Amino acid sequence: MRTHDRLRIAIQKSGRLSDPARDLLARAGLSFRESRDRLFCYGESLPIDLLLVRDDDIPGLIAEGVCDLGVVGQNVLAEQAAEREAAGQDEAYQIVRSLGFGRCRLSVAVPNEWEWSGNARLDGTRIATSYPNLLTRWLREQGIAAEAVVLSGSVEIAPRLGKAESICDLVSSGATLQANQLKEVAVILESEAVLAGPAKPFADVRADLASMLLRRLDGVLSVKA
Ligand code: PRT
Ligand code: ZN
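What follows is the structure, given as structure tokens:
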């Protein structure tokens, strides 16, 4: 059982958010000693430690109390929040700060040759995605009767494989869509990296550590802005 006299932050081990997250924490004055397995980094300058994990695991680690805070894409956080909501579970996390990096959008994209007359064009079709909960909610809000086909990767090739007619995936420059002869027709979610925390405030020394961390982060973020 971990003690609660130190704060533990989960960040992505390797991927798009790893370097910017580590850079941000370094600029806030945090330094770490890396363990040999490189999964846990002990905080040297402050009692704030790091856990290096897959981004998809971060909301769950916060919900379970294994980590106190996490740096994660809003897309991942919102998908898992929507999944909890669909399952009738309590809200487990909240966005503490938006961090200004890792910007992208979750969008629906259709084959270039489709004439786009509006969302009703999706009626009766299949949409491949790794974000079934956010897509399903959006389809419901829009009154579209389409099926979400869940794929964990390479979503953009689903139409060519005949698995779906269109896709719902993350877009940043748009180059991947272009390379796959797809065009973006609707944005479901604008996303950036966020610092996420539990829905309920800390009731021990972690509250003081978290507010000190936030003061430092706000200093760094205001310089960047
Ligand atoms: O191993 P792990 O599970 O931790 O990593 P991962 O492979 O799931 O995530 P990673 O490192 O690819 O992305 C981490 C986070 O970066 C995402 O959850 C987003 O919040 C953010 N992000 C920002 C992006 C992109 N931009 C992005 N462009 N994540 C993915 N993409 C992919 C997208 O899925 C598509 O395949 O890039 C392609 C589109 O890019 P463009 O520039 O061609 O439009
Ligand atoms: Zn991931």
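So for the sequence shown, our numbering puts the first residue at 1404; every next one is plus one. Just so it is clear, CB atoms sit at the ideal spot from N, CA and C, and this is done for glycine as well. Keep in mind that this is a model prediction, so the values were computed, not measured.
Every residue whose Cβ sits closer than 5 Å to any heavy atom of ligand 2 is listed here in chain order: Asp1458 and Asp1459. Taking a C-beta distance under 9 Å as the contact criterion, Leu1573 and Arg1508 qualify as a contact pair. Nearest to Ala1599 by C-alpha distance, out of Ile1560, Gln1483 and Lys1416, is Gln1483. Gln1415 is bridged by DSSP to Val1456. Distances from the CA of Trp1519 to each of Leu1564, Ala1589, Val1623 and Leu1433 were compared; the closest alpha carbon is that of Ala1589. DSSP links Thr1532 through a beta bridge to Val1553 and Cys1571. When the five nearest sequence neighbours on each side are left out, the beta carbons in the same chain lying within less than 6 Å of the beta carbon of Gly1473 are those of Ala1413, Ile1461, Ile1465 and Ala1599, in order along the chain. Take the alpha-carbon of Val1597 and the one of Asn1522: they are about 30 Å apart. Val1469 carries a coil assignment under DSSP once its states are collapsed to helix, strand and coil. Here the distance from the Cβ of Leu1580 to the nearest heavy atom of ligand 1 is below 8 Å.
For Pro1450, DSSP records no beta bridge to any residue. Leu1564 has its CB no nearer than 8 Å to any heavy atom of ligand 1. Judged by the Cβ position, Asp1611 fails to qualify as a neighbour of ligand 1 at the 8 Å threshold, every heavy atom of the ligand being at least this far.
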